[in-house]
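Undergrad: According to this note's numbering, the stretch in the sequence shown is residues 7 to 459, in order.
We put the beta carbon where it would ideally sit given N, CA and C, even for glycine.
One structure follows; several queries about it will come next.
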Amino acid sequence: MLRFTAFLSTVVLCASTNVYADAQPAKTTAFVHVNVVPMDRERVLRDQTVLVQGDRIVAIGPNVEVPAAAQRIDGHGTAWLSPGLADMHTHSQTKNDLAVYLANGVTTVLNMGDSRAGFVDKVVPAVNRGEVPGPHVYTSFLVDGNTEYNGFVLRTPDDARAFVRLAKTNGYDFIKVYVGLTPEVYSTLAQEGPRAGLPLIGHGVYAVRLDSQIAQGQALIAHAEEFFYSFFTPPGVEESDTPPDVKRIADAVALAKRPGATVTADLVTYAAIAHQIGHPEVVAGFLARPESYFMSPNDRLQWQTSGYVNKTARLEAKLEFLRCMVKAMADAGVELVAGTDAPAVPGTLPGFSLHDDLAELEASGLSRYQVLTTATRAPGAFIERTKHNDRFGLVATGYRADLVLSSANPLDSLATLRKPLGVMAAGQWRDAAALDALKDHVRASYRQASVGY
Ligand SMILES: [Zn+2]
7 MLRFTAFLST VVLCASTNVY ADAQPAKTTA FVHVNVVPMD RERVLRDQTV
57 LVQGDRIVAI GPNVEVPAAA QRIDGHGTAW LSPGLADMHT HSQTKNDLAV
107 YLANGVTTVL NMGDSRAGFV DKVVPAVNRG EVPGPHVYTS FLVDGNTEYN
157 GFVLRTPDDA RAFVRLAKTN GYDFIKVYVG LTPEVYSTLA QEGPRAGLPL
207 IGHGVYAVRL DSQIAQGQAL IAHAEEFFYS FFTPPGVEES DTPPDVKRIA
257 DAVALAKRPG ATVTADLVTY AAIAHQIGHP EVVAGFLARP ESYFMSPNDR
307 LQWQTSGYVN KTARLEAKLE FLRCMVKAMA DAGVELVAGT DAPAVPGTLP
357 GFSLHDDLAE LEASGLSRYQ VLTTATRAPG AFIERTKHND RFGLVATGYR
407 ADLVLSSANP LDSLATLRKP LGVMAAGQWR DAAALDALKD HVRASYRQAS
457 VGY
C-alpha cells in the first residue's frame, strides 16, 4: 500500500470542501520508489525517482536528488508510473466532463466538434492554465458542405478562406472536416488551414475520398469506419452491411502508413453503435451503468432519444472487419490513436469509455503495449508533429508532467488504469481521494439541478 505524507492528507481534506482548490500550485514533486513505464519503447524501469518541477518532468533515475521542500509521493516499489492518457475524439464541452476525464487518468483530450465559443475562449484556457481541473484540451471547429448533419456550412472557397481566419482568431487548434464538403472548398481548407496553423482532421469527405485527403495533407482520419464510406465503397455505391474482402485491408494499411497520417481507431464507438441498433435494451443497459451518473442529465436524455436503435443495419460483421483492420494497422506501425466520441454516441462516457476503448483494442489482438501506445505516445507524437507546441505522452525529461500512478503494471493489466492511485496533470497531483471528490462534486451538481435521471 502507498503511504503519503501528512502534508498530502491535508490536501485530501481540503478537496472535500472545494474541489477547484484541491491541487497544489505547481512546484516540485518527487515520485520516489516507483516503477516507471516510460512508453518510449516496451520496457519498465524499476525503483526510480521521477522529479517534476512546475508542469515538466525534469529528472528520472535511480539516484535523483530530491530537494528538501519537494512534495514526496512514495511508491514503496509497488506502484507504477505511466503517462497520462489521451482521448483523441471527444465531444465534451463542460467543466464537469473534463473533471470526470481527469478522475479517469485522462490528461489530454482532442475535442472533435461542438467546441463552441464559450468553451474555447473561457473554459479551455482556464483548464490549460491549471486553474480548473481537467485534461489539456485541444479544440477543433467542425465544418460541412450542407446542413444534413450539424456542421457549420461552407459553400464556396471564399467561405473557406473567411472561416480559416475566424477559426484562427478564435483560438481553435484544428479544422474538423465533415462528409459533405465540395472538392473546391476542401482544397481551399487544405491549403489555407495549415498555413494559418490549423491542420485538417476529421471524416472521410464523400466527394474527395480518403486517398486524396491524405495526399492533400489531412493529418487525422477521425474513425477507422471512415474507410468503409470513403475508401472501400466506390463513389455512388450504396453502403451495405457486408464488409469488404479482408484482402483489401492491405490497401487501407498502405494508405494509413503514408507519412503524416494518423487514424483514430474509435472501436468502442462503432461497437456501441453496432450493439444498440434495433436494441433499445442495450441503451437502457448503458444508462444503468453506475458510471453513467457522472454524465449530465441532458446527455442522458440525448442517449434515450438518439435514433440509432431505430435503424435496421446489422453491423457485427463490419465491426469484426474493423477489429482486423485496426490490428493490421497497429502491426504495420500506423500511428493509431484512441478515441471515444463521448458523450455524443449512446454508450460512450467521458473518461470511463477511454478505458473501454483500450479494452476493445486489446480484444482486437493488439498487445497491451500497442494498446497503451494509442493513448500515450501516439497522441503525443501527433500533437508534436501538427502543433509543434508541446510534448507529452512519455515519462521522459522535458515532457509535460501528465502521469498516472497505478497499483499494477499497466503492461500486465490495462484495467489497473481504471482505478488510479493518483493522477498528475501538468504537474498538479491528485490522489485517489481527491479524484473521488472531483467525481462526487460532478454528480452532486446534477442532483442539485433537480433534473430527473
Ligand atoms: Zn465525433
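Please list the terminal residues of the continuous alpha helix (DSSP H) segment that includes Phe292.
TA: Pro286 to Ala294
Undergrad: Going by DSSP in three states, Val17 sits in which element: helix, strand or coil?
TA: With a pLDDT of 34 at Val17, under the threshold of 50, the modelled position of this residue cannot be trusted; read the value that follows with caution. Val17: helix per DSSP, three-state reduction.
Undergrad: Tell me the rounded alpha-carbon separation between Ala334 and Lys33.
TA: 43 Å
Undergrad: Whose C-beta lies closer than 6 Å to the C-beta of Met94 among residues of the same chain, with five residues either side of it excluded?
TA: Leu116, Thr270, Val343, Gly345 and Pro385
Undergrad: Round the Cβ separation of Val410 and Val56 to the nearest angstrom and send it over; I've been treating them as touching at under 8 Å.
TA: Incorrect: roughly 12 Å between the Cβ atoms, too far for contact.
Undergrad: Between the stretch 202 to 211 and the stretch 314 to 328, can you find at least three pairs of beta-carbon atoms closer than 8 Å?
TA: no
Undergrad: Excluding the 5 residues preceding and the 5 following Val70 in the sequence, name in chain order all residues of the same chain whose CB lies nearer than 6 Å to its CB.
TA: Thr55 and Leu57
Undergrad: As a quick check of your reading: which residues have a C-beta less than 5 Å from at least one non-hydrogen atom of ligand 1, in chain order?
TA: Met118 and Asp347
Undergrad: Would you grab the beta carbon distance between Asp437 and Leu427 for me? Rounded to a whole angstrom, and I think it's under 8 Å.
TA: In this structure Asp437 is in contact with Leu427, their Cβ atoms being roughly 7 Å apart against a cut-off of 8 Å.
Undergrad: Near Thr2, what residues of its chain come up, given a Cβ to Cβ distance below 7 Å and the 5 sequence neighbours on each side ignored?
TA: Absent from the structure is residue 2, since the part of the chain shown begins at 7 and ends at 459.
Undergrad: State yes or no: is the C-beta of Thr275 within less than 7 Å of the C-beta of Thr354?
TA: yes
Undergrad: At which residues does the beta strand (DSSP E) containing Glu341 begin and terminate?
TA: Glu341 to Val343
Undergrad: What's the gap between the Cα of His447 and the Cα of Asn304?
TA: Between His447 and Asn304, the C-alpha separation is close to 17 Å.
Undergrad: Secondary structure at Ser146, three-state DSSP: helix, strand or coil?
TA: strand
Undergrad: When burial is assigned at 16 or more other CB atoms within 10 Å of the CB, is Arg383 buried or exposed?
TA: buried
Undergrad: Three or more beta-carbon pairs under 8 Å between the stretch 110 to 129 and the stretch 172 to 188, yes or no?
TA: yes
Undergrad: Per DSSP, Ser88 forms a beta bridge with which residues?
TA: Val410
Undergrad: Helix, strand or coil for Ala27, going by three-state DSSP, please let me know.
TA: For Ala27, the pLDDT reaches just 49, beneath the cut-off of 50, and the residue's location in the model is therefore unreliable, leaving the point undetermined.
Undergrad: Nearest-angstrom Cα distance between Leu238 and Glu287?
TA: Reading off the sequence shown, one finds Phe at residue 238, where the question assumed Leu. Separation of Phe238 and Glu287 (C-alpha to C-alpha, rounded to the nearest whole angstrom) is 32 Å.
Undergrad: With a threshold of 16 other CB atoms inside 10 Å of the CB of Gly140, please say whether the residue is buried or exposed.
TA: buried
Undergrad: If we ignore side chains and look at the alpha-carbon of each, how far apart do Asp337 and Val377 end up?
TA: The alpha-carbon of Asp337 is positioned some 11 Å away from that of Val377.
Undergrad: By alpha-carbon positions, which one of Arg264, Asp396 and Ala414 ends up nearest to Gly62?
TA: One point to set straight first is that residue 62 is Arg, not Gly, in the sequence displayed. Of the listed residues, the one whose Cα sits closest to Arg62 is Asp396.
Undergrad: For the candidate residues Tyr155, Leu187, Leu148 and Glu190, whose alpha-carbon lies nearest to that of Leu172?
TA: Leu148
Undergrad: Return the CA-CA distance between Thr113 and Pro44, expressed in angstroms with no decimal places.
TA: 16 Å
Undergrad: Along the chain, where does the beta strand (DSSP E) containing Asn117 start, and where does it finish?
TA: Val112 to Asn117
Undergrad: Using 8 Å for Cβ pairs, my map puts Leu187 next to Leu216. What's the rounded Cβ distance?
TA: Not confirmed; about 13 Å, so no contact.
Undergrad: Does the structure place the stretch 361 to 379 close enough to the stretch 292 to 299 that three or more beta carbon pairs sit under 8 Å?
TA: no
Undergrad: Straight-line CA distance for Glu366 to Thr100?
TA: 26 Å
Undergrad: Three-state secondary structure (DSSP) at Met94?
TA: strand
Undergrad: Look up Met430 in the DSSP assignment and say whether it is helix, strand or coil.
TA: strand
Undergrad: Using DSSP with H/G/I as helix, E/B as strand and the rest coil, what is Asn41?
TA: Residue state, collapsed to three classes: strand.
Undergrad: When the distance is taken between beta carbons, is Val243 closer than 7 Å to Glu198?
TA: Not closer than 7 Å, so no.
Undergrad: Let me know the secondary structure DSSP gives Thr34 once reduced to three states.
TA: strand
Undergrad: Within this structure, are the beta carbons of Pro163 and Glu137 separated by less than 7 Å?
TA: no
Undergrad: Mind checking Gly81: buried by the 16 CB within 10 Å criterion, or exposed?
TA: buried
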